Amino acid sequence: EMKIWIKWEENCKDWVMYELQGALEITGSLDGLLIGNVVFNSSGNPVLTIGTNQLEGKKVALKKPLAVIKKKKISDITPSLSSSSSSPLPSSSNLEYDDTPKDISPATEYGVVGVVRHKYEFKSRPKPVI
Amino acid sequence: GYADDFSTSDYRLLEVTDEFLLQMKDGVTIKGEKDEEAVLCTSNKTYSMKLAVTSNALLIAPESSVSVTVAACLGAQYEVAPIPPRFLRLRETLEESAYKGPKQPCEGISFETLSGKVQASDSELQSELVKLGAMKRNGKYQILSEEYKIYILDLVLTQAVASDWGTNLKIDLVAAANPEEDEEILHHILGLFAVDKMSPASTYTLDLRCVSMFRADQLLRDYAKDLLLFLTGGKTQPLTLQNIVKVATGGKQWRQQDFIESWKGHVPEGAPTTADLLSGIAVSSADKSDFVYLPAAEVIMLVDVPSRVRILFSVKPKWTAAEMEPYLKDLITPVMSLEQMLLRHSRILRTTEG
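Those protein sequence lines, which keep their order, are chains A and B. All the letters of the first sequence, read from the start, carry residue numbers 501 to 630 under my numbering. All the letters of the second sequence, read from the start, carry residue numbers 1336 to 1689 under my numbering.
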């Protein structure tokens, strides 16, 4: 039986998306990268700074919202059969995975952490190298 | 299965609607075994999750007026669209644990277990269990095997004639005439064939249309099984959809007059035996002289319109919309009518008609 829950997180908020045309050449991990400010220039367009590159783009409203879901760490999952709880347990009351009885062992779970309603589209020339 | 989008990130993007976002506040589930395409379920609806890959880089970050910290760089998002629930696994699971009689103890399945196995929302699952005539015993769900239903119906109808019960069956009399059977089960079966489908009750008024349709299905299925046995040279094979089509196109079908005569002999006096009752059970052959067994219950296990239309046209080349309706009606939505469905797949229609 495979049932993976996606639960709404209480701290769910607005997220934004930056769409860069073409693949990025990434030399390191992009996750957690501090990009810096998105500033708006005199034409009202967003300017994104990545490394030493500055890219000019435009803000586009999404036709359909995107839900951002994040896989939860085992220690964040409430081990219960009911769907009532949606917020993660504070770490001091964690159940260690190995000690958890089989019939209430946590499975994979996702939380809705954000909703994206608009994106910034950037056509990048030349390709930024990170 | 789910997790095969090759992303190493903990984040995923789901393209949804504002209505769906509201549903997400109550929690939704992803369901599917390794060999199945995953579906998303709210409390009352089922959705497909299709991965749409892009050649662009999608950087996502919480909105901030100060600085932007990228949480993930993704190359795909899941597109979510409403679909009909998938009940093939439900039928298979229930058939495995069907009640076959008082001497063959068999336990049913809990709703929780079914909910985990079946790619449908809990509401849709509940409705389907009612539609399949499942009983709830000791908190578990179970269907009655076809053979057992036929066995009891045969007994009860014969007793009704012999004892002059008419069509209003008193449970006391039925139970007394069948002491070996579980009375709770008798209640359930009579309820399936009664006008007022409520059980338990003290009297069950037979729904003669319902009895007629059950008998038609029984007779036509037996005919198909015999024909299949003949076509396989005596080797017993299950009556799968594939074999149903094989029989429909491979052998001598039942002449309409002959079938109706046999049918009349298997139903109570006064029960209707008109062709309209065969909707969803059989269709007229191309030359309109025979009836061909084609149960909608089997055909609708195929989840998309093209697959079903292909099956229908492999049975005969020309169909009216009315004939096709029972095999497609569960796929009708507010944005896709039967006419639109047929128009969209008219290329198949034209090709087969030549």
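Beta carbons: idealized from backbone N, C-alpha and C, even for Gly. The structure presented is a predicted model; accordingly, all values stated were derived computationally and were not measured.
(request) Reducing DSSP to helix, strand and coil, say where B/E1482 ends up. (result) For the purposes of this step, residue 1482 of chain B is taken as residue 147 along the second sequence, with counting starting at 1. DSSP places B/E1482 in helix when its eight states are reduced to three.
(request) Could you check the C-alpha separation between A/K602 and B/T1448 for me, to the nearest Å? (result) By one-based count along the first sequence, residue 602 of chain A stands at place 102. By one-based count along the second sequence, residue 1448 of chain B stands at place 113. Unreliable placement is indicated for A/K602, whose pLDDT of 39 sits below 50; no coordinate value is reported for it.
(request) Show which residues of chain B have a CB atom less than 9 Å away from the CB atom of A/E519. (result) Locating residue 519 of chain A in the first sequence gives position 19, where the first residue counts as 1. Simply T1389, N1391, A1392, L1393, L1394.
(request) With a floor of 3 residues, list each beta strand (DSSP E) that falls wholly inside the region 1502-1534 of chain B, ordered by position along the chain. (result) 1503-1505
(message) If contact is defined by three or more beta carbon pairs under 8 Å, each pair taking one atom from either stretch, is the region 1513-1528 of chain B in contact with the region 1620-1640 of chain B?
(response) no
(message) Residues of the region 1465-1484 of chain B in Cβ contact with chain A at a cutoff of 7 Å, in chain order, please.
(response) none
(request) Run down chain A in chain order and give the residues with a C-beta less than 7 Å from the C-beta of B/P1397. (result) Along the second sequence, read from residue 1 onward, the residue named residue 1397 of chain B stands at position 62. Simply K513, W515, G614.
(message) Determine, for A/S591, whether the minimum Cβ-Cβ distance to residues of chain B falls below 8 Å.
(response) Numbered from 1 along the first sequence, position 91 holds the residue referred to as residue 591 of chain A. Residue confidence is low: A/S591 scores 40 on pLDDT, short of 50, so the model does not pin down where it sits. No coordinate-derived value is stated.
(request) Consider the Cβ of B/R1347: report whether some Cβ of chain A lies at a distance smaller than 8 Å. (result) Looking up residue 1347 of chain B in the second sequence gives position 12. Chain A contact via Cβ: present.
(message) Looking at the secondary structure, which residues open and close the alpha helix (DSSP H) in which B/L1464 lies?
(response) Numbered from 1 along the second sequence, position 129 holds the residue referred to as residue 1464 of chain B. That run of the alpha helix (DSSP H) goes 1457-1466.
(request) Compare the Cα-Cα distances from B/T1591 to each of B/M1659, B/L1678, B/T1609, B/R1679 and report the closest residue. (result) Indexing the second sequence from 1 puts residue 1591 of chain B at position 256. A small fix is needed here, since residue 1591 of chain B is Gln in this sequence, not Thr. Looking at the Cα atoms, B/T1609 is the closest of the given residues.
(request) In the DSSP assignment, find the beta strand (DSSP E) that holds A/Q554 and state where it starts and stops. (result) Position 54 of the first sequence, counted from the first residue, corresponds to residue 554 of chain A. First-last of the beta strand (DSSP E) with A/Q554: 553-571.
(request) Identify whether B/L1629 lies in helix, strand or coil by the three-state DSSP scheme. (result) As a working mapping, residue 1629 of chain B is identified with position 294 in the second sequence. B/L1629 falls in the coil class under three-state DSSP.
(request) Using a Cβ cut-off of 8 Å (strictly closer), state whether B/L1429 contacts chain A. (result) For the purposes of this step, residue 1429 of chain B is identified with residue 94 of the second sequence, where counting begins at 1. Not closer than 8 Å to any Cβ of chain A, the Cβ of B/L1429 fails to qualify, so no.
(message) Only counting the same chain, and skipping five residues up and downstream in sequence, which positions put a Cβ closer than 7 Å to that of B/I1595?
(response) Mapped onto the second sequence, residue 1595 of chain B falls at position 260. So the list reads T1608, once near-sequence residues are dropped.
(message) Helix, strand or coil, according to DSSP, for B/C1441 in the structure here?
(response) Here residue 1441 of chain B refers to the residue found at position 106 of the second sequence. Three-state DSSP puts B/C1441 in coil, outside helix and strand.
(request) Just grab the DSSP bridge partners of B/D1361 for me. (result) Translated into positions along the second sequence, residue 1361 of chain B becomes position 26. B/D1361 is not bridged to any residue.
(message) Please list, in chain order, the residues of the region 558-569 of chain A that have any C-beta partner in chain B closer than 7 Å.
(response) K564, P565, L566, A567, V568, I569
(message) Suppose you measure from the CA of B/E1354 to the CA of B/V1363; what does that come to, to the nearest Å?
(response) Counting from 1 along the second sequence, the entry for residue 1354 of chain B is found at position 19. Counting from 1 along the second sequence, the entry for residue 1363 of chain B is found at position 28. Spanning the two alpha carbons is a distance of roughly 13 Å.
(message) Helix, strand or coil, according to DSSP, for B/P1573 in the structure here?
(response) Counting from 1 along the second sequence, the entry for residue 1573 of chain B is found at position 238. It is coil, neither helix nor strand.
(message) According to DSSP, simplified to helix, strand and coil, what is A/D514?
(response) The residue labelled residue 514 of chain A in the question sits at position 14 within the first sequence. Of the three classes helix, strand and coil, the one that applies to A/D514 here is strand, per DSSP.
(message) Given this structure, state the Cα-to-Cα distance separating B/L1394 from B/A1411, to the nearest angstrom.
(response) The sequence position of residue 1394 of chain B within the second sequence is 59, counting from 1. The sequence position of residue 1411 of chain B within the second sequence is 76, counting from 1. Each residue's alpha carbon lies about 11 Å from the other.
(request) Step through the CB atoms of chain A and report whether any lies within less than 8 Å of the CB of B/T1364. (result) Numbered from 1 along the second sequence, position 29 holds the residue referred to as residue 1364 of chain B. Chain A, which has a Cβ nearer than 8 Å to the Cβ of B/T1364, makes this yes.
(message) Given a cut-off of 8 Å on the beta-carbon distance, is the pair A/L520 and B/A1392 in contact?
(response) Within the first sequence, numbered from 1, the residue matching residue 520 of chain A stands at position 20. Within the second sequence, numbered from 1, the residue matching residue 1392 of chain B stands at position 57. Closer than 8 Å, so yes.
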